[in-house]
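>
There are 2 protein chains.
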Amino acid sequence: MLFGSADFLLNKSARRSRERLDRALEPLGLTGKLLYVLEILGAEGARTQHEIGSLGCIDRSSAVVFIDALEALGMVERRQKPGDRRAHVVALTEKGRLALPKARALEAKVRREYLACLEPGDQRTLVALLTRLVQAHN
Amino acid sequence: MLFGSADFLLNKSARRSRERLDRALEPLGLTGKLLYVLEILGAEGARTQHEIGSLGCIDRSSAVVFIDALEALGMVERRQKPGDRRAHVVALTEKGRLALPKARALEAKVRREYLACLEPGDQRTLVALLTRLVQAHN
DNA sequence: TATTGTTATACTCTATAACTATA
DNA sequence: TATAGTTATAGAGTATAACAATA
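Protein chains in written order, with this note's numbering: chain D, 238 to 375; chain H, 238 to 375.
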């Protein structure tokens, strides 16, 4: 209900946006969600799946699937966490580290087109506000 | 890719927003999508299903389902279009017309709550930015 | 008892394709 | 041939619940 009944359009816009990003990232084998996880690891360093879920508002069962996919791509690896044999620490591999800047370039190119209707400052504001909104409801 | 790799958050936020709106509209039997169609009819007057789809970026097969639901609620009715027996003109009923302001009130109430985690100024900023974004792509 | 990760499953939303009846 | 509406179905995405291992 962010803007009245046009809530429908927000959902649609979000979906379209994701479809575009996913297509753009296809050459790397990535999707928007997978890149999202990569970025978390790049910013936060190696983390347990639970921590990744908390940091990224990702359900733990979904996190399993995402990390499975990244591991199949050779971009992350699961390690046993010292001191807690229940938990897995997920770490970027060299391939994952190298994929990040490439993925960012693809993403930035396609985003520039899509967000061209907003000025750069407004784009950053939008991201910050939505992040707060999502975190407030999780 | 609206928000770079955090695009994931946009989809999540959009879904949360819709879930809340749907719950708020339950007493009327409506959902956000159904209200969206009602608003189109309120603004544009009686239209064929094809026109509703074009105006609202709704797939024709989805439009069938939405209009079925609204008809079951007694808020719209299908009429034969004069001069084209393939087409149905969908018109608001009295009940549909009366439901609109009630639905708008519920929507406004729940929107205020959902955005309460942001200060009033930020709320306005977010709505403004999203509206510009959606309109630019629809 | 609680938590981490996993698996299987169900659910929602949307799009696609095939069908009918008209044009 | 093309179009309006319908139906059935498939697909993507996510959440839920039950489970095993461990704390």
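All C-beta atoms in this analysis are idealised placements derived from N, C-alpha and C, irrespective of residue type, glycine included.
Could you tell me whether the region 240-258 of chain H touches the region 269-282 of chain D, where touching means 3 or more Cβ pairs closer than 8 Å?
At 8 Å Cβ cutoff, the stretches touch.
> Is the CB-CB distance between H/Leu-258 and H/Gly-269 below 7 Å?
Cβ distance < 7 Å, so H/Leu-258 and H/Gly-269 count as in contact.
> Using the beta-carbon of each residue, which ones in chain D are nearer than 9 Å to H/Asp-305?
Simply none; closest approach about 17 Å.
> Of all the CB atoms in chain H, is at least one closer than 7 Å to the CB of D/Asp-296?
So no, D/Asp-296 is outside the interface.
> Can you pull the chain D neighbours of H/Gly-269, defined as C-beta to C-beta under 8 Å?
The answer, in chain order, is Met-238, Ser-242, Asp-244, Phe-245.
> Please say whether D/Val-327 and D/Ile-304 have beta carbons closer to each other than 7 Å?
Contact: yes.
> State yes or no: is the C-beta of H/Leu-366 within less than 7 Å of the C-beta of D/Asp-359?
Yes, Cβ-Cβ distance for H/Leu-366 and D/Asp-359 is below 7 Å.
> When the Cα of H/Ile-295 is compared with those of D/Leu-265, D/Lys-249, D/Arg-315, D/Glu-331, which residue comes out closest?
Of D/Leu-265, D/Lys-249, D/Arg-315, D/Glu-331, the residue nearest in Cα terms is D/Lys-249.
> Between the alpha carbons of H/Pro-319 and H/Ala-336, how many angstroms are there, rounded?
Distance between the alpha carbons of H/Pro-319 and H/Ala-336: 28 Å.
> Below 8 Å CB to CB, which residues in the same chain sit around D/Leu-343 once its five sequence neighbours on both sides are set aside?
Cβ neighbours of D/Leu-343 beyond the five flanking positions: Ala-261, Leu-262, Pro-264, Leu-265.
> With a threshold of 7 Å between beta-carbons, can D/Glu-308 be considered close to chain H, or not?
No, its Cβ sits nowhere closer than 7 Å to a Cβ of chain H.
> Flag H/Asp-359 as yes if its beta-carbon sits less than 7 Å from any beta-carbon of chain D, otherwise no.
Taking Cβ atoms only, chain D reaches closer than 7 Å to H/Asp-359, which makes this a yes.
> How far does the beta strand (DSSP E) with D/Glu-314 in it reach, from first residue to last?
Where D/Glu-314 is concerned, the enclosing beta strand (DSSP E) stretches over 313-318.
> In this structure, does DSSP put D/Leu-278 in helix, strand or coil?
Of the three classes helix, strand and coil, the one that applies to D/Leu-278 here is helix, per DSSP.
> For D/Leu-292 versus D/Val-313, is the C-beta spacing smaller than 7 Å?
In this structure, D/Val-313 does not lie closer than 7 Å to D/Leu-292 by Cβ.
> Taking a cut of 8 Å between CB atoms, which residues from the region 250-265 of chain D lie near chain H?
Hits within the stretch, in order: Ser-250, Ala-251, Arg-252, Arg-253, Ser-254, Arg-255, Arg-257, Leu-258, Ala-261.
> Taking 7 Å as the threshold (C-beta atoms), are H/Gly-290 and H/Arg-297 in contact?
For H/Arg-297 and H/Gly-290, yes; Cβs fall inside 7 Å.
> Pull the bridge partners of D/Asp-321 from the DSSP assignment, please.
Note: D/Asp-321 sits in a beta bridge opposite D/Lys-318.
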